[in-house]
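Student: Quick note, in the UniProt record's numbering, the sequence shown goes up one by one and the last residue is 747.
The beta-carbon is built from N, C-alpha and C at its ideal position, and this holds for glycine as well.
Handing you this structure, nothing more for now.
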Amino acid sequence: MGQDQPPAPRPDNAHRDPRATLREADRLRDARDWPGAAAAYAAWLAGRPHDWPTWIQYGHALKEAGDPEAALGAYRRAEQGRPGDADLQMQVGHALKLLGNLPEARLAYSRALEIEPTNDAAWREVAHLLGQPDVAAAGAPEAQFSLVGDLCVVFDLSDLLSWFGTNRTPSGIQRVQLELVGPALRGGGPAARVILAAYDPATLGWRALPREAFNRLASLSRSGADPREPAWEQAVAVARQALDAAPELAFPEGAWLVVPGSSWWLANYHLALRLAKARFGLRYAPLVHDCGPLVVPEHSPPATVAQFARWFAGLAAHADLLLPVSAATAEDIRRLQAQHLPAIPLPPMMVVGLDGAPRDPAARDQGTGATPHAGVNALAGRPYALFLGTLESRKNHLFVLNAWLSLIRKHGAARLPLLVLAGRTGFMGEPVLALLRSAPALRDAVLLLPDVPDAALPLLYRRALFVLYNSDHEGWGLPVTEAIAQGKAVLAPDHSALPEAGRGAAILFRPHSEPDFIARVEQLAFDPAFRAAAEARAAATPLRSWQAIGDAVLGRLLRENATPRHQGPPPIPLGTIIRFGIGGQAAPSLAALLAEALRDGEGWHAPEPWGCWTRPLESGSRAALRLALPPDMTGRIRLHLLLRAPATAQAIRLLPRGADPLAMTLAPGEEAIAALELPASGGVIDLVLEAHAAPEVLPPDDGPGDAPPGREVGVGLVSLMACRADDLLARLDYLEHQRFTWPEVEA
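This is the structure we're talking about:
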């Protein structure tokens with residue numbers, strides 16, 4: 001009997017009362033007479049084929065009678081009329097599980113979870129099945145079929161998963177990822193296939209993330225704020241285990257890798273992209289949320305600035321499409337590229353715009369399983385001004401608090417609304433907390449809410465008298481748009497992307513002008529007509545759905561040329577020293593781009609402050625350098641490389657294509673210069689670096705005898721320089737820079 005063909009129902013002619021047959025079927029069901037109940041339900045359905053609830057009962061009876069295949073057919077019939085019934089999908093999954101079809105059962109439970117994200121029973125089934133590698137692999141997205149020419153999008157959620165490793169409540173960038181990816185998974189948009197993935201630096205590849213794990217994390221991240229809640233910890237653990245067990249993702253040919261979060265902090269990310277582009281024809285479209293570490297570097301740790309600068313240096317050379325979130329961010333990209341990398345053309349850009357209206361606020365308040373937030377509820381009936389944002393130096397809460405002190409001294413605290421600061425403490429946020437502790441006037445005038453769950457935000461916005469926002473730089477400014485979506489008057493500085501976030505409805509003040517800020521706050525606090533007019537503007541401001549925003553992005557991907565951009569390394573400037581270490585860079589540069597782009601093959605460890613190790617020959621990977629020469633170059637090239645040995649003596653071979661290899665041996669920890677003279681014909685130099693496995697460091701002599709061995713590496717590359725063979729000055733300059741300390745050179 002086919003699973004889509006339940007036993008044919010027979011007419012219920014035995015009863016003059018049409019509903020008597022149904023009552024009899026229910027009685028037999030309650031008596032656990034499953035064959036009798038199945039026969040009675042079949043008779044009833046013979047004349048009523050669109051009675052979908054009874055098809056479900058019929059399926060239950062068939063299943064309990066020992067015929068899960070026929071039960072599945074009945075459930076499939078019920079699906080025709082109840083496609084959005086989560087419990088029905090659970091029953092489909094149970095029947096499939098009884099039939100031994102675990103991959104299809106997983107998909108049914110997954111649909112139940114998509115329909116009802118808080119369905120704990122569906123999640124338990126999914127989590128159990130994801131723990132079985134054969135089931136997880138069989139249902140993985142890369143196993144699905146798609147037609148040539150279909151749009152396949154792989155969302156890299158490394159940033160989101162990293163955030164969820166230590167946090168639960170999403171910040172702005174994480175919220176954008178949740179809002180863009182969720183609708184794309186539900187289908188109906190431009191993408192024929194959507195795959196979720198995370199980057200694995202150890203393998204320079206990506207692994208598929210089950211969409212059920214994403215949906216569970218998304219739901220729980222909105223419903224609460226406690227990262228120690230068992231349900232949250234279990235969801236994070238299941239996602240991590242599923243990723244660890246997943247094989248390396250084989251990208252569909254010509255797929256788009258979209259990064260809705262950030263990737264500047266991921267080791268060897270651009271190298272992995274180059275490898276995937278060569279192997280799969282992959283195309284790359286990162287969202288650029290802001291250029292803050294380069295525009296206002298004083299608000300980021302120096303290491304972050306250096307990492308971001310190196311990432312930005314390679315951005316245009318690796319991306320097929322850039323997705324800045326605002327026109328202001330797009331302009332920052334153009335300006336920084338023209339200033340630091342004028343010879344590298346930018347790829348096409350699409351300004352995404354984050355003018356997304358929250359999903360139905362009532363649904364967000366009531367439908368996520370969230371418990372009422374005590375801090376938000378305590379504000380009921382009390383007028384307050386809301387400032388939502390991480391307590392960090394870039395948000396400049398000190399400006400707002402000092403202005404509030406001026407307002408208190410001018411008007412008295414009793415006349416002012418309570419100032420509510422909603423947000424966790426971030427980089428250099430301690431001065432804000434110190435001022436709150438030390439200023440007596442602020443103790444009763446300011447309330448700090450550090451962890452407000454996402455589901456409580458609509459109520460927090462709606463109850464506010466007005467919303468204010470401050471920052472020294474923003475790529476967008478989601479709280480401004482969210483306030484407008486709730487019909488609230490909102491005050492923000494007139495710079496970067498904040499006017500875009502305000503959509504013409506925000507009240508803008510001169511940046512860093514306390515008098516202008518205070519004047520606007522006074523209008524909002526003391527002039528009901530002024531505030532009402534601002535609220536009316538907000539209520540009349542049209543916003544898009546997040547589905548529309550995501551569809552616009554995917555539609556642009558669909559319209560882009562199917563051929564990836566040609567992105568070989570730019571020609572190396574002759575006589576220029578290229579250092580492979582990271583750190584110390586305060587701005588993007590061609591040298592930083594070359595240090596990244598010259599490395600070829602999967603045989604490289606991540607760069608470190610001094611340089612970069614190769615992986616040993618035993619790893620089976622290849623470490624190479626590929627140098628594009630200036631187009632007019634003829635004759636012979638002199639190539640110098642400063643190499644470093646690991647903790648033991650190391651034999652090294654350098655294998656240039658089309659020339660004799662060079663062999664050398666380094667003493668433990670020694671740095672030495674290798675020099676090769678190569679023909680410039682062909683315009684490209686390809687060089688392979690080979691070395692056997694050796695310990696990076698040796699365990700201390702006084703350490704335990706069973707101390708684990710250190711990482712095994714090949715050879716370290718510190719720097720290189722290419723010049724014409726007869727350019728003696730360039731050769732001397734390189735040698736001097738390696739042998740002497742120069743003030744302008746950092747290690």
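Beta strand (DSSP E) containing G205: first to last residue?
Tutor: Walking along the sequence shown from the start, residue 205 turns up at place 205. From DSSP, the beta strand (DSSP E) with G205 extends over G205 to A208.
Student: Can you tell me whether DSSP reads E602 as helix, strand or coil?
Tutor: Position 602 of the sequence shown, counted from the first residue, corresponds to residue 602. The answer is coil: DSSP assigns E602 none of H, G, I, E or B.
Student: What are the boundary residues of the beta strand (DSSP E) that S719 is part of?
Tutor: Counting from 1 along the sequence shown, the entry for residue 719 is found at position 719. From DSSP, the beta strand (DSSP E) with S719 extends over G716 to R724.
Student: Cβ atoms of V684 and L594: under 8 Å apart, would you say?
Tutor: Working through the sequence shown from its first residue, we reach residue 594 at position 594. Working through the sequence shown from its first residue, we reach residue 684 at position 684. For L594 and V684, no; Cβs fall outside 8 Å.
Student: Quick one: residues in its chain with C-beta nearer than 6 Å to the C-beta of A413, no 5 flanking neighbours on either side, listed in chain order?
Tutor: Along the sequence shown, one-based indexing puts residue 413 at 413. Result list for A413: A445, in chain order.
Student: If you compare alpha carbons, which of S589, P117, D451 and W232 is closest to P342?
Tutor: Looking up residue 342 in the sequence shown gives position 342. Minimum Cα distance to P342 is reached at S589.
Student: Report yes if the C-beta distance between V352 and P324 is below 8 Å; otherwise report no.
Tutor: Along the sequence shown, read from residue 1 onward, the residue named residue 352 stands at position 352. Along the sequence shown, read from residue 1 onward, the residue named residue 324 stands at position 324. Cβ atoms of V352 and P324: closer than 8 Å.
Student: In angstroms, rounded to a whole number, what distance separates the CA positions of G47 and R29?
Tutor: Translated into positions along the sequence shown, residue 47 becomes position 47. Translated into positions along the sequence shown, residue 29 becomes position 29. Distance between the alpha carbons of G47 and R29: 20 Å.
Student: Where G165 and E233 are concerned, what is the direct C-alpha to C-alpha distance, given to the nearest angstrom?
Tutor: For the purposes of this step, residue 165 is taken as the residue at position 165 of the sequence shown. For the purposes of this step, residue 233 is taken as the residue at position 233 of the sequence shown. Straight-line Cα distance between these residues: approximately 9 Å.
Student: Name, in chain order, the residues that DSSP records as bridge partners for L257.
Tutor: Mapped onto the sequence shown, residue 257 falls at position 257. The partner list for L257 (beta bridge, DSSP) reads V154 and Y284.
Student: Going by other Cβ atoms of all chains shown within 10 Å of its Cβ, with 16 needed for buried, is A374 buried or exposed?
Tutor: Translated into positions along the sequence shown, residue 374 becomes position 374. Classification for A374: exposed.
Student: Tell me the rounded alpha-carbon separation between Y284 and Q57.
Tutor: For the purposes of this step, residue 284 is taken as the residue at position 284 of the sequence shown. For the purposes of this step, residue 57 is taken as the residue at position 57 of the sequence shown. C-alpha separation (whole angstroms): 49 Å.
Student: Given a cut-off of 8 Å on the beta-carbon distance, is the pair P358 and E482 in contact?
Tutor: Position 358 of the sequence shown, counting from 1, holds the residue named residue 358. Position 482 of the sequence shown, counting from 1, holds the residue named residue 482. For P358 and E482, yes; Cβs fall inside 8 Å.
Student: Going by DSSP, what residue range makes up the alpha helix (DSSP H) through F312?
Tutor: Counting from one through the sequence shown, the residue named residue 312 turns up at place 312. Counting along the chain, the alpha helix (DSSP H) containing F312 begins and ends at P302 to H318.
Student: Do R503 and M350 come within 8 Å of each other at the CB atom, strictly closer than that value?
Tutor: For this step, residue 350 is matched to residue 350 along the sequence shown. For this step, residue 503 is matched to residue 503 along the sequence shown. It is not a contact, given that the beta carbons lie outside the stated cut-off.
Student: Have a look at C723 and A317 and give me their C-alpha separation to the nearest angstrom.
Tutor: Locating residue 723 in the sequence shown gives position 723, counting from the first residue. Locating residue 317 in the sequence shown gives position 317, counting from the first residue. Each residue's alpha carbon lies about 24 Å from the other.
Student: Tell me the residue span of the beta strand (DSSP E) that contains I572.
Tutor: In the sequence shown, the residue the question calls residue 572 occupies position 572. Careful: I572 lies outside any beta strand (DSSP E) and carries neither H nor E.
Student: Quick check: the Cα distance between P656 and L666, rounded to an integer number of angstroms?
Tutor: Numbered from its first residue, the sequence shown carries residue 656 at position 656. Numbered from its first residue, the sequence shown carries residue 666 at position 666. Approximately 19 Å between the Cα atoms of the pair.
Student: At 3 residues or longer, and completely inside the UniProt domain "Glycosyl transferase family 1" (381-538): list those beta strand (DSSP E) runs for me, N to C.
Tutor: With a minimum length of 3 residues, the continuous beta strand (DSSP E) runs that stay inside the UniProt domain "Glycosyl transferase family 1" (381-538) are 384-388, 418-422, 446-449, 466-468, 490-493 and 507-509.
Student: Alpha carbon to alpha carbon, what distance is there between L554 and S326?
Tutor: Mapped onto the sequence shown, residue 326 falls at position 326. Mapped onto the sequence shown, residue 554 falls at position 554. Their Cα atoms are separated by approximately 17 Å.
Student: Should A533 be labelled buried (16 or more other beta-carbon atoms within 10 Å of its own) or exposed?
Tutor: Within the sequence shown, numbered from 1, the residue matching residue 533 stands at position 533. That one is exposed.
Student: At which residues does the beta strand (DSSP E) containing L627 begin and terminate?
Tutor: Taking the first residue of the sequence shown as position 1, residue 627 is located at position 627. L627 -> beta strand (DSSP E) spans A624 to A628.
Student: Got a sec, what are the start and stop residues for the alpha helix (DSSP H) R19 sits in?
Tutor: Sequence index remark: in the sequence shown, residue 19 carries index 19 (1-based). From DSSP, R19 is part of no alpha helix (DSSP H); its letter is neither H nor E.
Student: Considering residue 770, what are the terminal residues of the alpha helix (DSSP H) in which it resides?
Tutor: The shown model of the chain, from 1 to 747, leaves out residue 770, and the question about it has no answer.
Student: Answer with buried or exposed for E736, where buried requires no fewer than 16 other C-beta atoms within 10 angstroms of its C-beta.
Tutor: As a working mapping, residue 736 is identified with position 736 in the sequence shown. When all chains shown are included, E736 counts as exposed.
Student: Quick one: residues in its chain with C-beta nearer than 6 Å to the C-beta of A363, no 5 flanking neighbours on either side, listed in chain order?
Tutor: Here residue 363 refers to the residue found at position 363 of the sequence shown. For A363, the pLDDT reaches just 43, beneath the cut-off of 50, and the residue's location in the model is therefore unreliable, leaving the point undetermined.
Student: Count the other C-beta atoms from every protein chain shown that fall within 10 angstroms of the C-beta of F526, then say buried if there are 16 or more, exposed otherwise.
Tutor: Position 526 of the sequence shown, counting from 1, holds the residue named residue 526. Burial call: exposed.
Student: Have a look at R106 and Q241 and give me their C-alpha separation to the nearest angstrom.
Tutor: Numbered from 1 along the sequence shown, position 106 holds the residue referred to as residue 106. Numbered from 1 along the sequence shown, position 241 holds the residue referred to as residue 241. R106 and Q241: Cα-Cα distance of roughly 16 Å.
Student: Out of G224, S219, R207 and L160, point me to the one whose CA is closest to A250's CA.
Tutor: Translated into the one-based positions of the sequence shown, residue 250 becomes position 250. A250 has its Cα closest to that of R207, out of G224, S219, R207 and L160.
Student: Whose C-alpha, out of R626, A694, Q650 and P631, is nearest the C-alpha of L720?
Tutor: For the purposes of this step, residue 720 is taken as residue 720 along the sequence shown, with counting starting at 1. Nearest option by C-alpha distance: R626.
Student: Any idea if S438 is buried or exposed, counting beta-carbon neighbours within 10 angstroms, 16 or more meaning buried?
Tutor: Here residue 438 corresponds to residue number 438 of the sequence shown, with the count starting at 1. Answer is exposed; the Cβ neighbour count stays below 16.
Student: In the DSSP assignment, find the unbroken alpha helix (DSSP H) run with P103 in it and report its ends.
Tutor: Indexing the sequence shown from 1 puts residue 103 at position 103. That run of the alpha helix (DSSP H) goes L102 to I115.
Student: Do you know offhand how far L379's Cα is from L113's?
Tutor: Taking the sequence shown and counting its residues from 1, one reaches residue 379 at position 379. Taking the sequence shown and counting its residues from 1, one reaches residue 113 at position 113. So the two alpha carbons sit approximately 34 Å from each other.
Student: For V153 and A184, which I take to be in contact (beta-carbon distance under 8 Å), what is that distance rounded to the nearest angstrom?
Tutor: Here residue 153 refers to the residue found at position 153 of the sequence shown. Here residue 184 refers to the residue found at position 184 of the sequence shown. Confirmed, Cβ separation roughly 7 Å.
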